[in-house]
DNA sequence: TAACAACCTACCAAATTAGTAGGGAATATT
DNA sequence: AATATTCCCTACTAATTTGGTAGGTTGTTA
């Protein structure tokens, strides 16, 4: 399951996506509109910025905005930045790979199943973008 | 990601699947062979039993065995019993549904994406069984 | 009745999650 | 230059989940 933090991230990003091209939005505005605790949101947006999904501007008239079009930000990327691995086992993860202890034959049988699962999941999450969220919301 | 507990469950179940039809296995045996902490394994096997995946027998000659053929135990079932929901959001889960707070339009756009993802994941996890793990392990 | 083996209740430590607090640094306006 | 504005950074905390452990109880078989 995605963490609450990740759900907050998606809510904030969707809102930013809806306002793409209209100038930056304030943290405080997003916080109120999307009912996300202000200071927590601050952390989240900052992480998204460090991952190059957002850009920010300080001072009056500042705020956050998407760095690229909502069509170019896919769901897998967001999940990886805020939530972590998408695969069900560390030894199957493409971006967060870790060898699993005591890996033997039967374990690797499981690994193969989880690889198939990961591929099916990624096929969706890498194709769908913030723009698809907005479109589906209508 | 699946918890360590779930990975232990899969290891134990694969071992039980390999020995299906050959009489019960001891917790202590599984613990040693699969390198799973004994007392922790005790809990896990008990949970699997309560979920009707295993049957047990006390006293000499006792132990645990699969209740049905490895072909009839799919991976989604195991994950649900030990790990919990498979969907990425509570409001998308079939077996652990929970309404998400402040659900609005944009949130529901996300919900639709996560429903598609869930379906793709389940298509694999409900089709694949313990038997597939054994076969893939060769 | 002894041994064996699963069962049950309760506890515990470490890690993760979901925040909060408070000041610092850059920017724009006056 | 001063002030207000807004993001940025470090650190802390409370609650929950995860990954176990301890020790006795109950049922089974020989």
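Chains as they are written, first to last, in the working numbering: chain A, 1 to 138; chain B, 1001 to 1138. Each residue gets a CB set at the ideal place from its N, CA and C atoms; glycine is no exception. These numbers come from a predicted model, not from an experiment.
Drop a sphere of 10 angstroms on the beta-carbon of residue i, count the other beta-carbons inside from all chains shown, and report buried for 16 or more, exposed for fewer.
i: residue 1105 (chain B); result: Because the pLDDT of residue 1105 (chain B) is 48, which lies under 50, any placement of that residue in the model is unreliable, and the number read from its coordinates should be weighed accordingly. It is exposed - the Cβ of residue 1105 (chain B) has fewer than 16 other Cβ atoms within 10 Å.
i: residue 1026 (chain B); result: exposed
i: residue 97 (chain A); result: exposed
i: residue 1028 (chain B); result: exposed
i: residue 71 (chain A); result: exposed
i: residue 7 (chain A); result: buried
i: residue 74 (chain A); result: buried
i: residue 14 (chain A); result: buried
i: residue 40 (chain A); result: exposed
i: residue 1021 (chain B); result: exposed
i: residue 135 (chain A); result: exposed
i: residue 38 (chain A); result: exposed
i: residue 63 (chain A); result: buried
i: residue 32 (chain A); result: exposed
i: residue 1061 (chain B); result: exposed
i: residue 1109 (chain B); result: buried
i: residue 123 (chain A); result: exposed
i: residue 1138 (chain B); result: exposed
i: residue 35 (chain A); result: exposed
Quick one: measure Cβ to Cβ for residue i and residue j, integer angstroms, because I've assumed they're closer than 8 Å.
i: residue 118 (chain A); j: residue 87 (chain A); result: 4 Å
i: residue 76 (chain A); j: residue 1120 (chain B); result: Incorrect: roughly 13 Å between the Cβ atoms, too far for contact.
i: residue 125 (chain A); j: residue 81 (chain A); result: Contact doesn't hold; Cβ gap of about 13 Å is too wide.
Residues of chain A with a CB under 8 Å from the CB of residue i: which are they?
i: residue 1085 (chain B); result: 1
i: residue 1089 (chain B); result: 1, 2 and 7
i: residue 1056 (chain B); result: Residues of chain A passing the Cβ test: none, with the nearest at roughly 21 Å.
Which bits of chain A does residue i rub up against, with CB to CB less than 7 Å?
i: residue 1040 (chain B); result: Under the 7 Å cutoff, chain A gives no residues; its nearest Cβ is about 15 Å from residue 1040 (chain B).
i: residue 1112 (chain B); result: 136
i: residue 1121 (chain B); result: 117, 120 and 121
i: residue 1065 (chain B); result: The contacting residues do not exist; residue 1065 (chain B) stays about 17 Å from chain A at best.
What does residue i reach in chain B if we use C-beta pairs closer than 7 Å?
i: residue 125 (chain A); result: 1117
i: residue 73 (chain A); result: By Cβ distance, chain B contributes nothing, its closest Cβ being about 13 Å from residue 73 (chain A), past 7 Å.
i: residue 133 (chain A); result: 1106, 1109, 1110 and 1113
Less than 8 Å between the beta carbons of residue i and residue j, yes or no?
i: residue 1078 (chain B); j: residue 1009 (chain B); result: yes
i: residue 30 (chain A); j: residue 17 (chain A); result: no
i: residue 23 (chain A); j: residue 56 (chain A); result: no
i: residue 113 (chain A); j: residue 1132 (chain B); result: yes
i: residue 83 (chain A); j: residue 3 (chain A); result: yes
i: residue 1089 (chain B); j: residue 1111 (chain B); result: yes
i: residue 1067 (chain B); j: residue 1045 (chain B); result: no
Residues of chain A with CB closer than 9 Å to the CB of residue i, please, in chain order.
i: residue 1021 (chain B); result: Here the premise fails: no neighbours, minimum Cβ distance about 17 Å.
i: residue 1031 (chain B); result: Near residue 1031 (chain B) there are no residues of chain A at all, since even the closest Cβ is about 13 Å away, more than 9 Å.
Between residue i and the ligand PLP, is there a pair consisting of the residue's CB and a ligand heavy atom that are separated by less than 7 Å?
i: residue 1127 (chain B); result: Only the bare structure without any ligand can be found here, which leaves the ligand PLP out of the picture.
Output, in chain order, the set of chain B residues within a Cβ distance shorter than 9 Å of residue i.
i: residue 128 (chain A); result: 1113, 1116 and 1117
i: residue 35 (chain A); result: 1101 and 1102
Can you name the residues of chain B whose CB is closer than 8 Å to the CB of residue i?
i: residue 69 (chain A); result: Residues of chain B passing the Cβ test: none, with the nearest at roughly 16 Å.
i: residue 28 (chain A); result: Simply none; closest approach about 17 Å.
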